[in-house]
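Protein chains: 2
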Amino acid sequence: MAAIPAEFALIYRHFRPLAGPGALNLDDDAAVFAPPPGRELVIAADAMVEGVHFLPDDPPDLVARKLLRTNLSDLAAMGAVPLGYLLTVSVRRDTPDAWFAGFSAGLAHDQREFSLVLLGGDTTSTPGPASLSLTILGSVTPGTALRRGGARAGDEIWVSGTIGDGALGLLAATGRLADPSGFLAGRYRLPQPRVALGQRLAGIVTAAMDVSDGLVQDLGHLCRASGLAAIVEAPLVPLSAPARAADMLELCLTGGDDYELLMAVPPGRVAALGAAAAAGDVPVTRIGAFETGAPVVQVRGAAGAPMALRAGGWSHFT
Amino acid sequence: MAAIPAEFALIYRHFRPLAGPGALNLDDDAAVFAPPPGRELVIAADAMVEGVHFLPDDPPDLVARKLLRTNLSDLAAMGAVPLGYLLTVSVRRDTPDAWFAGFSAGLAHDQREFSLVLLGGDTTSTPGPASLSLTILGSVTPGTALRRGGARAGDEIWVSGTIGDGALGLLAATGRLADPSGFLAGRYRLPQPRVALGQRLAGIVTAAMDVSDGLVQDLGHLCRASGLAAIVEAPLVPLSAPARAADMLELCLTGGDDYELLMAVPPGRVAALGAAAAAGDVPVTRIGAFETGAPVVQVRGAAGAPMALRAGGWSHFT
Chain A
1302 MAAIPAEFAL
1312 IYRHFRPLAG
1322 PGALNLDDDA
1332 AVFAPPPGRE
1342 LVIAADAMVE
1352 GVHFLPDDPP
1362 DLVARKLLRT
1372 NLSDLAAMGA
1382 VPLGYLLTVS
1392 VRRDTPDAWF
1402 AGFSAGLAHD
1412 QREFSLVLLG
1422 GDTTSTPGPA
1432 SLSLTILGSV
1442 TPGTALRRGG
1452 ARAGDEIWVS
1462 GTIGDGALGL
1472 LAATGRLADP
1482 SGFLAGRYRL
1492 PQPRVALGQR
1502 LAGIVTAAMD
1512 VSDGLVQDLG
1522 HLCRASGLAA
1532 IVEAPLVPLS
1542 APARAADMLE
1552 LCLTGGDDYE
1562 LLMAVPPGRV
1572 AALGAAAAAG
1582 DVPVTRIGAF
1592 ETGAPVVQVR
1602 GAAGAPMALR
1612 AGGWSHFT
Chain B
1302 MAAIPAEFAL
1312 IYRHFRPLAG
1322 PGALNLDDDA
1332 AVFAPPPGRE
1342 LVIAADAMVE
1352 GVHFLPDDPP
1362 DLVARKLLRT
1372 NLSDLAAMGA
1382 VPLGYLLTVS
1392 VRRDTPDAWF
1402 AGFSAGLAHD
1412 QREFSLVLLG
1422 GDTTSTPGPA
1432 SLSLTILGSV
1442 TPGTALRRGG
1452 ARAGDEIWVS
1462 GTIGDGALGL
1472 LAATGRLADP
1482 SGFLAGRYRL
1492 PQPRVALGQR
1502 LAGIVTAAMD
1512 VSDGLVQDLG
1522 HLCRASGLAA
1532 IVEAPLVPLS
1542 APARAADMLE
1552 LCLTGGDDYE
1562 LLMAVPPGRV
1572 AALGAAAAAG
1582 DVPVTRIGAF
1592 ETGAPVVQVR
1602 GAAGAPMALR
1612 AGGWSHFT
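Protein chains in written order, with the working numbering: chain A, 1302 to 1619; chain B, 1302 to 1619.
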């Protein structure tokens, strides 16, 4: 039995070039990983399923990059520096080699862009939709990881970038919304994790998280973790020009796939936040404030009146 | 928006009780993990798909334990001490709460048995078969991780436990093989990762790996990594009594799901191996030897004549 089985030939061809030092060439049962001296590790895992998190005809390089970037967004939310990742890929047995070539090319691109390496993983077949999972490792100075639970009454609520493009982009990518420039579909297919900003937020924000399941729902998580109420002024929420044109504010406030940072910032640290945002090359916008009270998110419209939202955000299980 | 969405209620109900200190109560975007001082981390990821790696009607607690144990087997193969894991679970939207209750009960059971904790993960829906992925973390004394590439000509080939029960157990569990005692199906559904043995092998074995895709195929990986040929004497391969009764030697040698350890052992260290096996509470058996030569696995039958095997082992992609 000298021949390498097809599964392993495929792994060697497409994934071995991505492997970092600790990955042992993907030849062993596991990676051996020496954490950076004096640092804490930050570890997160996210899964993506074809037809749920990406579309069956999405290009494989963009699927790979979205998978990596949704996990990078979790590192950004903790203020961590990316190190490496492990990957499991379950796809149909007749998946063409070109799909793996595109998928690994996307990973290679974003490994360079975000300075991290492949450490290991598993490739299996499935009779169903493609199912992908990625575990990402980063590091922080001990004790400086950004958390959800530290916001205080009087802190301002800030977000990076623009909100709602991802949810509108899904509509655009599926032909349900005009998107002449392709901007919205692009925001759905290729999130921009705010890693550079996140790394600059220690000592500035009192709490942070990434917005992945909808602004209102995710802010609710932050309120519960911090034991505070939140007031969001809808007219302040930053929308891209295509999102403003779409005129679907409620979807922007509740839809998923933003991958922007949501931050609690004491008023006295706003200038420092601005400097971090400039260095991180992303705009930041104040959208409201935290108050003492039950962990409820109130969204106020143009006249200051509470808006009634039909849905808080995305849930996989009802 | 004060209500916790169903997805998060589910996570809090079933998974939060499993979370270790670094998991931050599963409240944050990632776990913060301080590696044990002076240790190297060992990290592996494995995926399992319903209908491929487990059966649709397998009890959820056994599915969870098999998922955890296949990953523990990778730690065993590296000689690592388990620390924690991250988990992604993609299941149909109508998956009953009782499935999650059973699944998390299985995890809780094996967390106690193998001394590790949940660090984080992701729960999503899928329109297809359940798709599970687990990333496991363990630790070793720096430089002592067991590898596949260190075997030398003249080393003996040893295996733990018995070989072939997993492949026969799949036949039994699907009604294609008589299994009066249920032993074989049990070996398929609930592997016994050799963690206690693996931790005792540093300084004894020159190479090790776990047997998960079939003895002959996996030994071929070890041969390629070490640059050696291997001779396996089929009559020496340890079979359980039910496997002997099934009389399907070729399937035992090539079928997957054993999760036993495959080891290269210099003749002078056999006594030490025996002591490690006794301490690890699992028998070990010599099945052949490594020789100088091209990385080919030759299996010899009762009369010493080479056996021709139709298949080397399991591959997800042909």
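All C-beta atoms, glycine included, are put in the ideal place defined by N, C-alpha and C.
State the Cα-Cα distance for the pair residue i and residue j, rounded to the nearest angstrom.
i       : j       : result
T1463/B : T1475/B : 21 Å
A1303/B : V1598/A : At A1303/B the pLDDT is 41, less than 50, meaning the model places this residue with poor confidence; the figure from the coordinates comes in the next sentence. In a straight line, the C-alpha of A1303/B is about 7 Å away from that of V1598/A.
D1511/B : R1570/B : 20 Å
Q1493/B : L1420/A : 25 Å
L1520/B : A1577/B : 22 Å
A1346/B : L1435/B : 6 Å
P1337/B : S1440/B : 8 Å
A1606/B : W1459/B : 21 Å
P1543/A : E1561/A : 17 Å
L1610/A : A1530/A : 17 Å
A1473/B : G1450/A : 51 Å
S1541/B : D1411/B : 24 Å
V1392/A : G1504/A : 43 Å
V1583/B : G1575/B : 10 Å
V1585/B : F1415/B : 21 Å
V1418/B : F1334/B : 12 Å
L1327/B : L1537/B : 49 Å
V1566/A : V1600/A : 19 Å
A1580/A : L1498/A : 7 Å
For the beta strand (DSSP E) containing residue i, name the first residue and the last one.
i       : result
V1390/B : V1382 to V1392
S1565/A : One detail in the question is off: residue 1565/A reads as Ala in this sequence, not Ser. Its beta strand (DSSP E) spans residues E1561 to V1566.
A1509/A : A1508 to V1512
Between which two residues does the alpha helix (DSSP H) containing residue i stretch?
i       : result
V1496/B : V1496 to G1499
S1374/A : P1361 to M1379
T1555/B : L1550 to T1555
G1487/A : F1484 to R1490
V1517/A : L1516 to S1527
S1405/B : D1398 to F1415
G1467/B : D1466 to A1474
V1353/A : No alpha helix (DSSP H) contains V1353/A, which DSSP labels as neither H nor E.
R1477/A : Neither: R1477/A is in no alpha helix (DSSP H) and is coded neither H nor E.
A1573/A : V1571 to G1581
R1449/A : From DSSP, R1449/A is part of no alpha helix (DSSP H); its letter is neither H nor E.
L1311/B : A1307 to H1315
R1545/B : A1542 to A1547
Less than 8 Å separating the beta-carbons of residue i and residue j?
i       : j       : result
I1344/A : A1381/B : no
D1548/B : Y1489/B : no
V1353/A : T1425/B : yes
P1383/A : V1496/A : yes
T1389/A : G1429/A : no
A1563/B : A1526/B : It is Leu, not Ala, that sits at residue 1563/B in the sequence shown. No; because the gap between Cβ atoms is not below 8 Å, this pair is not in contact.
G1483/B : L1552/B : no
T1555/B : V1506/B : no
D1329/A : R1448/B : yes
S1432/A : A1348/A : yes
Which bits of chain B does residue i rub up against, with CB to CB less than 9 Å?
i       : result
T1593/A : In chain order: nothing, as chain B lies at least about 15 Å away.
I1353/A : Per the sequence shown, the amino acid found at residue 1353/A is Val instead of Ile. S1391, T1425, S1426, T1427 and P1428, listed in chain order.
V1350/A : S1391, T1425, S1426, T1427, P1428, G1429 and S1432
What does residue i touch in chain B if you count any residue whose Cβ is under 7 Å from its own?
i       : result
I1625/A : Given a span of 1302 to 1619 for chain A in the structure shown, any question on residue 1625/A remains unanswerable.
T1436/A : A1346, L1387 and T1436
For residue i, which residues in chain A fall below 7 Å Cβ to Cβ?
i       : result
L1376/B : A1331
S1482/B : None at all; the shortest Cβ gap to chain A is about 30 Å.
M1564/B : Under the 7 Å cutoff, chain A gives no residues; its nearest Cβ is about 13 Å from M1564/B.
Give me the chain A residues within the contact set of residue i, using Cβ-Cβ distance strictly less than 9 Å, ordered along the chain.
i       : result
D1328/B : R1448, R1449, G1450, H1522, R1525 and A1526
Using a C-beta to C-beta distance shorter than 8 Å, which residues of chain A count as neighbours of residue i?
i       : result
A1341/B : The amino acid occupying residue 1341/B in the given sequence is Glu; Ala does not appear at that position. Under the 8 Å cutoff, chain A gives V1333, F1334 and A1335.
D1347/B : T1389 and D1423
D1511/B : D1330
Interface residues of chain B around residue i at Cβ under 8 Å?
i       : result
M1379/A : D1329, D1330, A1331 and V1333
Contact the stretch 1476-1484 of chain A vs the stretch 1405-1424 of chain A: 3+ CB pairs below 8 Å: no
The stretch 1439-1457 of chain A / the stretch 1585-1599 of chain A touching (three or more Cβ pairs under 8 Å): yes
Cβ pair count under 8 Å reaching 3, the stretch 1318-1326 of chain B against the stretch 1353-1368 of chain A: no
Against chain D: residues of the stretch 1513-1540 of chain B by CB proximity under 9 Å: Here the protein chains are A and B, and chain D is not one of them.
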